[in-house]
Amino acid sequence: MFCRNFFVNVLSKLLRKCFVETSSYMFCQDFFVHVLSRLLRTCFVETSSYMFCQDFFVHVLSRLLRTCFVKTSSYMFCQDFFVHVLSRLLRTCFVKTSSYMFCQDFFVHVLSRLLRTCFVETSSYMFCQDFFVHVLSKLLRKCFVETSS
Numbered sequence: 001m002f003c004r005n006f007f008v009n010v011l012s013k014l015l016r017k018c019f020v021e022t023s024s025y026m027f028c029q030d031f032f033v034h035v036l037s038r039l040l041r042t043c044f045v046e047t048s049s050y051m052f053c054q055d056f057f058v059h060v061l062s063r064l065l066r067t068c069f070v071k072t073s074s075y076m077f078c079q080d081f082f083v084h085v086l087s088r089l090l091r092t093c094f095v096k097t098s099s100y101m102f103c104q105d106f107f108v109h110v111l112s113r114l115l116r117t118c119f120v121e122t123s124s125y126m127f128c129q130d131f132f133v134h135v136l137s138k139l140l141r142k143c144f145v146e147t148s149s
């Protein structure tokens, strides 16, 4: 727990600092996706534990999403940022593993855990529903654009 919380705090502070220093939404998004995808890859290499890395990643993403809402108070900004991060991570997963099923299962686990976290944190069924519908529909649209199928 200490390491996870420390890690979330470091990442959220870096993300906030990035926006303050660069004022570039796209740069910070790309930087952050790169950092998270490298960390996820490192996690699998170092631990060889699918479940540990999944749980760690869900914890990190849910805490970062919460931090985003607290710091920006912008529902749309956090949604768009999250869609970008997830779509880039999904693409990285396919490129690195070449396993459709692995990436599918990993993302189903991550998204279901994030949805559960959303309900626990906000106690708002409608908010979590709308947020996830928006995120998933944007990811689906991105998928069609990127794969043309």
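Be aware that the sequence shown starts at 1, since it is given in full-length UniProt numbering, and climbs by one per residue.
Positions of the beta carbon are idealized from the N, C-alpha and C atoms, including for glycine.
What you are looking at is a predicted structure, and each value in this text was computed from that prediction instead of being measured.
DSSP-derived helix/strand/coil call for residue i
i          : result
serine 73  : coil
serine 99  : coil
serine 124 : coil
Limits of the alpha helix (DSSP H) - the one that residue i falls within
i         : result
serine 37 : 25 to 47
C-beta contact flag for residue i and residue j at 8 Å
i                : j           : result
phenylalanine 56 : cysteine 68 : no
serine 87        : leucine 139 : yes
leucine 114      : serine 49   : no
valine 83        : valine 20   : no
Nearest to residue i (by Cα), restricted to the options the options
i          : options                : result
leucine 40 : Cys103, Ser124, Phe132 : Cys103
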